[in-house]
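Novice: Below is one structure. I have some questions about it.
Protein chains: 2
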Amino acid sequence: MMGTESSIRQTVEKSGQEPLTVGDVAAQAGVAPSAVRFYESRGVISATRTSGNQRRFSATAACRIHVGRLAQSVGLSIGEIAELFASLPDDPEPKDWQFVADRLVSEAERRLEKLRSDLEALGSGSRLCDLGAALSNRDESELN
Amino acid sequence: MMGTESSIRQTVEKSGQEPLTVGDVAAQAGVAPSAVRFYESRGVISATRTSGNQRRFSATAACRIHVGRLAQSVGLSIGEIAELFASLPDDPEPKDWQFVADRLVSEAERRLEKLRSDLEALGSGSRLCDLGAALSNRDESELN
DNA sequence: ATAGAAGTTAAAGTAATGATGAAGTCAAGG
DNA sequence: CCTTGACTTCATCATTACTTTAACTTCTAT
Chain Y
1 MMGTESSIRQ TVEKSGQEPL TVGDVAAQAG VAPSAVRFYE SRGVISATRT
51 SGNQRRFSAT AACRIHVGRL AQSVGLSIGE IAELFASLPD DPEPKDWQFV
101 ADRLVSEAER RLEKLRSDLE ALGSGSRLCD LGAALSNRDE SELN
Chain D
1001 MMGTESSIRQ TVEKSGQEPL TVGDVAAQAG VAPSAVRFYE SRGVISATRT
1051 SGNQRRFSAT AACRIHVGRL AQSVGLSIGE IAELFASLPD DPEPKDWQFV
1101 ADRLVSEAER RLEKLRSDLE ALGSGSRLCD LGAALSNRDE SELN
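Chains as they are written, first to last, in the working numbering: chain Y, 1 to 144; chain D, 1001 to 1144.
Now the structure itself:
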């Protein structure tokens, strides 16, 4: 009756920590459990272990994954995403998230600007994509 | 003594067509010949064949590859790039290139805007990434 | 005409990004 | 205790985006 949704399985009185399982994070992030494990293996998220060797995540894990997927959609690799999150504390405050979000948006903007300028360079003036680039030797200097 | 750079190997009097080889295109685009063949197999570029079954490309091939690499940097897959180029004629005029470039920039902008809005949705208000989602007992005195 | 650079195909390999399945372990309810 | 669902690791498979290899063929310069 209630096996699908996992609830708190240990009454942690600590302060504000949810010991989320792989399945919890997967459900919250909308990805497969295998993806959650994969992300941990690549440093996108991190986990502690229970005495029984099971992973436990904080609530930020699902968030990292959400942000990571967004980052993928604008061209960042998993490695770049892990790198992006490297500056994020274990228990990030809003300002930390804001910093990461700003960096991500900046990177996306940087890529967009590069796209724009490279496209313009490629088609400087009116002839897009420089259709006469490598033709210095039209039909001379070659004996044929 | 000069086998490295391929030159014009057939005197084509047509009008302005260069029959580029795989190696020519690879050099112009700055990729490996194998990549050029791969791009052809995926419909990013197209080739005619010589009587001896060798590929010959027009000058637009290198350009397509240049643009394709840019597209990859903002998150498009090879399939999406081929799709993007589907609207590009065999011998595109500047306006055709412009159309493609505009579509590409638009798509990149679309993704950037989605990144922005999703990030904002994720951290609506001041709490970025909704760190209180599943929390019941959080010390919510924070609201600076 | 010929040497050798560059081209051909098909198949296999690599790296990134996961999904799927097997065999076994852990935790909670009856 | 025992079942059952969710977890564990490890292996294998899939897809994308290419690269490499092998066995040949074609092209170009001399």
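Don't be surprised by glycine CBs; every beta carbon is placed ideally from N, CA and C.
Remember, it's a predicted structure, so these values are computed and weren't measured experimentally.
Residues of chain D with CB closer than 9 Å to the CB of residue 109(Y), please, in chain order.
Specialist: Result: 1112.
Novice: Is the Cβ-Cβ distance between residue 73(Y) and residue 1084(D) less than 9 Å?
Specialist: Against a cut-off of 9 Å, the Cβ pair of residue 1084(D) and residue 73(Y) comes out as no contact.
Novice: Find the nearest neighbour of residue 1019(D) within the set 1093(D), 1046(D), 1039(D) and 1030(D), judged by alpha-carbon distance.
Specialist: Nearest option by C-alpha distance: 1046(D).
Novice: In three-state DSSP terms, what is residue 1060(D)?
Specialist: It is helical.
Novice: Closest by CA to residue 54(Y), which one among 21(Y), 94(Y) and 91(Y)?
Specialist: The shortest Cα separation from residue 54(Y) among 21(Y), 94(Y) and 91(Y) belongs to 21(Y).
Novice: Whole angstroms is fine: what's the gap from residue 37(Y)'s alpha carbon to residue 1121(D)'s?
Specialist: Their Cα atoms are separated by approximately 26 Å.
Novice: If you draw a straight line from the C-alpha of residue 1110(D) to the C-alpha of residue 1080(D), how long is it?
Specialist: Cα to Cα, the separation comes out at about 15 Å.
Novice: Using a 10 Å radius around the Cβ and a threshold of 16 neighbouring Cβ atoms, would you call residue 1103(D) buried or exposed?
Specialist: It is exposed - the Cβ of residue 1103(D) has fewer than 16 other Cβ atoms within 10 Å.
Novice: Pick from 44(Y), 32(Y), 34(Y) and 78(Y): whose alpha carbon is nearest that of residue 60(Y)?
Specialist: Measuring from the Cα of residue 60(Y), the nearest candidate turns out to be 44(Y).
Novice: Quick check on the DSSP output: what are the complete alpha helix (DSSP H) runs of length 4 or more inside the stretch 61-119 of chain Y, in order along the chain?
Specialist: If we require 4 residues or more, the alpha helix (DSSP H) runs fully inside the stretch 61-119 of chain Y come out as 78-85.
Novice: Kindly indicate which residue of 98(Y), 57(Y) and 89(Y) has the alpha-carbon position closest to the one of residue 40(Y).
Specialist: Of the candidates 98(Y), 57(Y) and 89(Y), the one whose C-alpha sits nearest the C-alpha of residue 40(Y) is 57(Y).
Novice: If residue 1078(D) sits next to residue 1042(D), beta carbons under 8 Å apart, how far is it from one beta carbon to the other, in whole angstroms?
Specialist: Yes, residue 1078(D) and residue 1042(D) are in contact; Cβ-Cβ is about 5 Å, under 8 Å.
Novice: Just checking: is the beta-carbon of residue 51(Y) within a distance shorter than 9 Å of some beta-carbon in chain D?
Specialist: Not one chain D Cβ lies under 9 Å of residue 51(Y).
Novice: In the DSSP assignment, what are the bridge partners of residue 48(Y)?
Specialist: For residue 48(Y), which the question treats as bridged, DSSP gives the partners 56(Y).
Novice: What in chain Y is Cβ-close to residue 1090(D), meaning under 8 Å?
Specialist: Those within 8 Å of residue 1090(D) in chain Y number zero; the least Cβ separation is about 13 Å.
Novice: Can you give the Cα-Cα distance for residue 1112(D) and residue 51(Y), rounded to whole angstroms?
Specialist: In a straight line, the C-alpha of residue 1112(D) is about 43 Å away from that of residue 51(Y).
Novice: Just confirm the distance between the C-beta atoms of residue 1075(D) and residue 75(Y), as a whole number of angstroms; I'd bet it's less than 8 Å.
Specialist: Between residue 75(Y) and residue 1075(D) the Cβ distance is about 4 Å, and since that is below 8 Å, they are a contact.
Novice: If you draw a straight line from the C-alpha of residue 88(Y) to the C-alpha of residue 123(Y), how long is it?
Specialist: The alpha-carbon atoms of residue 88(Y) and residue 123(Y) are separated by roughly 40 Å.
Novice: Taking residue 1124(D) as part of the alpha helix (DSSP H), name the residues at either end of that continuous run.
Specialist: That residue, residue 1124(D), is in no alpha helix (DSSP H); it is neither H nor E in DSSP.
Novice: State the CB to CB distance for the pair residue 27(Y) and residue 35(Y), rounded to an integer number of angstroms; the pair is presumed to be in contact (CB under 8 Å).
Specialist: Rounded, the Cβ-Cβ distance is 12 Å, inconsistent with contact.
Novice: Under a CB-based cut-off of 9 Å, is residue 1098(D) close to chain Y?
Specialist: Yes, residue 1098(D) lies at the interface with chain Y (some Cβ there is under 9 Å from its Cβ).
Novice: Counting contacts by CB-CB distance shorter than 9 Å, is residue 1042(D) in contact with chain Y?
Specialist: No, its Cβ sits nowhere closer than 9 Å to a Cβ of chain Y.
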